[in-house]
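Asker:
2 protein chains.
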Amino acid sequence: MNPERRSPAAEPAADPASGPSGSRAATLHDVALQAGVSLATASRVLNGSERKVAEGFRERVERAAEALGYTPNVSAQATARGRSPVIALLVADIADPYFGQIAAGVARGADEHGLVVTISITERDPDREQRILRALRGQRPQGLILAASRADLASSPGTSPVELEAFERYGGRVVAFGEGQEVGEGRTARSVVLDNGGGAEELGRRMAALGYRTAIGIGAASGVRTSDDRLGGFARGFESGGGRMDRILRGDFRRESGAAAMTEALTEGVEPGTLVFAMSDVVALGAISAIREAGREIGADIAVCGFDDVPASGDVTPALTTVRLPLNEAGYQAFRAIVDDDWIQAALPIEVVVRASTPGLVQGR
Amino acid sequence: MNPERRSPAAEPAADPASGPSGSRAATLHDVALQAGVSLATASRVLNGSERKVAEGFRERVERAAEALGYTPNVSAQATARGRSPVIALLVADIADPYFGQIAAGVARGADEHGLVVTISITERDPDREQRILRALRGQRPQGLILAASRADLASSPGTSPVELEAFERYGGRVVAFGEGQEVGEGRTARSVVLDNGGGAEELGRRMAALGYRTAIGIGAASGVRTSDDRLGGFARGFESGGGRMDRILRGDFRRESGAAAMTEALTEGVEPGTLVFAMSDVVALGAISAIREAGREIGADIAVCGFDDVPASGDVTPALTTVRLPLNEAGYQAFRAIVDDDWIQAALPIEVVVRASTPGLVQGR
DNA sequence: TTGAAAGCGCTAACAG
DNA sequence: CTGTTAGCGCTTTCAA
């Protein structure tokens with residue numbers, strides 16, 4: 001006889017008054033015992049999919065579970081089933097509203113499916129990302145969502161694809177923001193694509209149409225995909241409308257970076273009527289503060305536009321012209337891409353939002 | 001003989017070229033086999049804490065693990081060890097910058113300790129929170145951080161404490177934002193307290209000193225702790241300085257709510273020189289937009305102040321007077337409260353930040 | 001239908 | 001120091 005590995009759950013197992021710690025959580029075993037059924041039966045009524053348990057037993061088990069406050073141990077279920085209910089989300093910085101909204105979308109989807117989302121912060125550091133990916137693999141997540149645009153995930157022939165391949169090998173699905181993420185052997189991950197290039201191009205055209213002829217770009221380091229796409233798209237559109245990109249300043253995705261870049265530009269000199277295009281609203285907000293500090297005016301003097309349409313963009317004065325991205329929806333799509341076998345990539349609507357920070361120029365030039 | 005439960009890992013187990021799915025991840029067993037050592041030894045060098053493996057074996061194991069791309073299965077480790085490496089974070093809305101910053105702080109701490117953070121969204125719905133708590137228990141997290149201020153978690157003698165008690169019973173630690181969260185049997189959870197009342201009181205005093213005499217408050221439903229504390233504190237300070245709270249409008253924590261409340265107030269009439277205190281910056285921003293839309297001016301006409309000092313508050317024009325909270329640090333503290341046995345509650349610095357949205361009144365009244 | 005028993009991948013006594 | 005061998009809590013054949 002061996003089922004008595006521990007003391008029988010007969011009495012104290014469910015006693016809520018036992019010490020804060022030390023006591024243990026009720027197990028399936030406890031429930032089965034209390035209900036007078038086998039482990040298998042208890043498992044079937046509580047967690048098994050196909051129902052085929054006599055009503056009488058089912059009731060007793062449910063009652064017992066209720067009485068004991070039983071909750072299945074997710075880790076144990078995961079080891080036994082060979083798959084865990086987690087979706088791992090990788091973002092650069094969860095405090096950044098851009099990622100915050102994406103995360104909200106992912107969480108919404110996961111919640112609908114009873115999955116848990118785990119979140120990791122890369123801080124845009126490739127090494128860090130690498131380590132995280134490795135550790136994440138240990139969770140054997142059903143899906144991995146890469147929302148953290150790293151410099152060259154796709155182009156680096158190095159380690160990353162290998163790491164991602166490992167996920168797919170055991171059946172985990174990798175979804176990336178932005179097209180073309182390799183996952184080894186020439187295969188690419190499913191991807192949620194926000195048409196950064198297209199949106200920026202349209203923005204550039206609109207700005208040119210407004211009469212702007214000279215623009216300064218503020219981006220991240222060259223090679224950072226998102227930034228490159230936006231800057232490139234903007235230049236294309238702006239130039240097609242007769243404008244010219246005067247120069248491009250480099251920094252990162254933080255507000256301070258935008259302020260620093262702008263300060264630098266102002267030092268070198270910025271003519272009235274110039275337009276500043278920052279590749280993200282957060283950076284644009286930083287640029288705006290720098291412009292103000294330099295005693296210049298936003299709008300007629302120096303116009304500014306950004307990208308993302310984070311909530312704050314509508315609140316500043318003058319309100320920021322930008323490109324609206326359906327970030328929450330994008331996060332949700334990423335989630336669907338993981339759970340739907342027949343998922344097909346849907347285009348996400350992007351929209352240019354012209355506001356007061358880029359007033360129309362009365363006279364050209 | 002039974003160790004050959006599966007086909008020996010001798011050949012294809014590690015073949016990176018095998019199909020995307022279908023193949024399985026390398027197990028400790030595979031590593032041990034390849035290294036020619038026992039499972040126990042492999043476990044010791046790879047995951048065991050106390051080192052006591054001969055250099056030769058250690059190397060062989062490490063080499064094998066490397067070659068196979070082995071990563072320990074977290075779920076299996078969790079079941080075997082009886083504790084899982086997860087910290088569960090409960091927030092109302094991850095897209096809200098308030099929670100985003102807290103989450104960043106928690107993630108920072110977790111990362112330092114190799115723990116994974118799991119995030120759940122309550123949407124401030126008590127039932128939802130209840131369900132989530134229940135499901136979360138299944139993860140047997142080492143810690144549970146309640147950052148989602150629910151209406152009356154603490155005061156409701158109902159279900160919640162019971163649910164939380166379950167966590168503590170098996171050794172999980174519960175940390176709450178805000179004091180006095182019960183976890184059953186009269187015990188309270190460790191708490192990270194942001195002195196909402198004190199900060200608001202100081203703000204109220206400062207506003208009174210600036211010459212304001214009449215204020216309108218915008219809060220969440222009565223009973224919501226955070227909101228009550230802030231509103232109450234502000235009233236105390238403001239009145240101590242000779243001001244008077246004219247009325248309090250109710251809504252929730254969203255921007256639109258602030259706009260709606262303010263619109264209502266404006267309909268009823270708001271005299272020039274009135275100060276509006278919104279219990280959160282996000283709500284204040286909504287109020288500001290409503291004031292503008294009504295054709296009134298922020299500052300000299302209707303002054304506005306908020307609470308939190310989210311990044312956007314410094315970017316709006318006029319910049320918003322508010323109370324700065326060290327949210328990232330608070331999140332980090334919450335994490336420490338979980339992992340440090342001898343954690344002691346540290347006071348978090350709160351600071352009133354007076355900006356242009358509340359210019360000094362030249363003449364009293 | 002139900003239950004016995006063999007796993008899932010890993011850890012942790014306990015002997016050698 | 002190393003290997004054997006029970007577990008951890010749950011799922012899932014496979015007979016009965």
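If you read the sequences in order, they're chains A and B. Residue numbers for the first sequence follow the UniProt record's numbering, beginning at 1 and rising by one. Residue numbers for the second sequence follow the UniProt record's numbering, beginning at 1 and rising by one. Ideal placement from N, C-alpha and C gives every residue a C-beta, glycine not left out. Every value quoted in this text rests on a predicted model; they were computed, and no experiment measured them.
#1: Along the chain, where does the alpha helix (DSSP H) that runs through D252 (chain B) open and close?
#2: Which residues in the same chain as R173 (chain A) place their Cβ atom closer than 6 Å to its Cβ, once the five residues preceding and following it in sequence are excluded?
#3: Which term fits Q345 (chain B), buried or exposed, when burial requires 16 or more other beta carbons within 10 angstroms of its beta carbon?
#4: What did DSSP end up calling F307 (chain A) once you bin it into helix, strand or coil?
#5: Give the residues of chain A in contact with D93 (chain B), contact being defined as C-beta atoms less than 8 Å apart.
#6: By the three-class DSSP mapping on this structure, what secondary structure does A78 (chain A) have?
#7: Report the residues of the region 30 to 43 of chain A with a CB closer than 7 Å to any CB of chain B, ordered along the chain.
#8: Helix, strand or coil: how does DSSP classify V162 (chain A) here?
#9: Taking the straight line between their C-alpha atoms, what separation do you get for L90 (chain A) and F99 (chain B)?
#10: Show which residues of chain B have a CB atom less than 8 Å away from the CB atom of R137 (chain A).
#11: What do you get for V352 (chain B), buried or exposed, if any count of 16 or more other CB atoms within 10 angstroms of its CB means buried?
#12: Quick check on the burial criterion: 16 or more other C-beta atoms within 10 angstroms. Buried or exposed for N47 (chain B)?
#13: In this structure, does DSSP put E62 (chain A) in helix, strand or coil?
#14: Which whole runs of the beta strand (DSSP E) in the region 67 to 147 of chain A are 3 residues long or more, in chain order?
#15: Which chain B residues sit within Cβ distance under 9 Å of T263 (chain A)?
#16: Quick one: give me the first and last residue of the beta strand (DSSP E) that V276 (chain A) is part of.
#17: Could you compute how far the alpha carbon of A287 (chain B) sits from the alpha carbon of V270 (chain B)?
#18: Beta-carbon separation of L249 (chain B) and A261 (chain B) under 7 Å?
#19: Chain A beta carbons: is any one of them nearer than 7 Å to that of residue 380 (chain B)?
#20: Is the beta carbon of I350 (chain A) less than 7 Å from the beta carbon of G199 (chain A)?
#21: May I ask which residues mark the beginning and end of the beta strand (DSSP E) holding V352 (chain B)?
#22: Which residue comes first and which comes last in the beta strand (DSSP E) that contains G217 (chain B)?
#23: Helix, strand or coil: how does DSSP classify T317 (chain B) here?
#24: Could you tell me whether the Cβ of V74 (chain A) comes closer than 7 Å to any Cβ of chain B?
#25: Kindly say whether G100 (chain B), judged by its beta-carbon, lies nearer than 7 Å to any beta-carbon of chain A.
#26: Are there 16 or more other CB atoms within 10 angstroms of the CB of E163 (chain B), so buried, or fewer, so exposed?
#27: Whose C-beta lies closer than 6 Å to the C-beta of R58 (chain B) among residues of the same chain, with five residues either side of it excluded?
#28: Is there a C-beta anywhere in chain A that falls below 7 Å from the one on T317 (chain B)?
#29: Can you check whether the C-beta of A300 (chain B) is within less than 7 Å of a C-beta belonging to chain A?
#30: Thinking just about the alpha-carbon of each residue, which of B:A303, B:A80, B:T27, B:A209 is nearest to the one in G241 (chain B)?
#31: Label S38 (chain A) either buried or exposed according to how many other C-beta atoms from any shown protein chain fall within 10 Å of its C-beta, with 16 as the threshold for buried.
#32: Determine the DSSP secondary structure at V270 (chain B), reduced to helix, strand or coil.
#33: How about L133 (chain A): is its C-beta nearer than 7 Å to some C-beta of chain B?
#34: Classify S222 (chain A): buried if its beta carbon has 16 or more other beta carbons within 10 angstroms, exposed otherwise.
Answerer: So, to answer that:
#1: Where D252 (chain B) is concerned, there is no enclosing alpha helix (DSSP H), given that its DSSP letter is neither H nor E.
#2: If we look at R173 (chain A) and ignore the five residues flanking it on each side, its Cβ neighbours are G143, I338.
#3: In summary, Q345 (chain B) is exposed, with fewer than 16 beta-carbon neighbours lying within 10 Å of its beta-carbon over all protein chains present.
#4: F307 (chain A) sits in coil when the DSSP states are folded into three classes, being neither helix nor strand.
#5: Residues of chain A passing the Cβ test: A104.
#6: A78 (chain A) sits in a helix when the DSSP states are folded into three classes.
#7: Taking 7 Å as the Cβ-Cβ cut-off, the region 30 to 43 of chain A has no residue approaching chain B.
#8: Three-state DSSP puts V162 (chain A) in a helix.
#9: For L90 (chain A) and F99 (chain B), the distance between alpha carbons rounds to 17 Å.
#10: Residues of chain B passing the Cβ test: A25, T71.
#11: With 16 or more other Cβ atoms within 10 Å, it is buried.
#12: With fewer than 16 Cβ atoms within 10 Å of its Cβ, N47 (chain B) is classed as exposed.
#13: E62 (chain A) carries a helical assignment under DSSP once its states are collapsed to helix, strand and coil.
#14: Within the region 67 to 147 of chain A, the beta strand (DSSP E) runs of at least 3 residues that lie entirely inside it are, in chain order, 86 to 91, 116 to 121, 143 to 146.
#15: Under the 9 Å cutoff, chain B gives no residues; its nearest Cβ is about 16 Å from T263 (chain A).
#16: Unbroken beta strand (DSSP E) run through V276 (chain A): 274 to 278.
#17: Answer to the nearest angstrom: the Cα atoms are 13 Å apart.
#18: Annotated as proximal: L249 (chain B) and A261 (chain B), with beta-carbon spacing under 7 Å.
#19: Limits of chain B in this structure are 1 at one end and 365 at the other, which puts residue 380 (chain B) out of reach.
#20: In terms of Cβ geometry, I350 (chain A) and G199 (chain A) form a close pair [threshold 7 Å].
#21: 351 to 353 is the extent of the beta strand (DSSP E) around V352 (chain B).
#22: Counting along the chain, the beta strand (DSSP E) containing G217 (chain B) begins and ends at 214 to 220.
#23: If DSSP states are grouped into helix, strand and coil, T317 (chain B) belongs with coil.
#24: It does; some Cβ of chain B falls within 7 Å.
#25: By this cut-off, G100 (chain B) is an interface position.
#26: Under the 10 Å beta carbon count, E163 (chain B) is surrounded by 16 or more other beta carbons and is classified as buried.
#27: Around R58 (chain B): V45.
#28: It does; some Cβ of chain A falls within 7 Å.
#29: False, the Cβ-Cβ gap to chain A never drops below 7 Å.
#30: Measuring from the Cα of G241 (chain B), the nearest candidate turns out to be B:A209.
#31: Under this definition S38 (chain A) is an exposed residue.
#32: Coil, per DSSP.
#33: For L133 (chain A), no CB of chain B lies under 7 Å from its own CB, so it is not counted at the interface with that chain.
#34: By the beta-carbon neighbour count (other beta carbons within 10 angstroms, threshold 16), S222 (chain A) is exposed.
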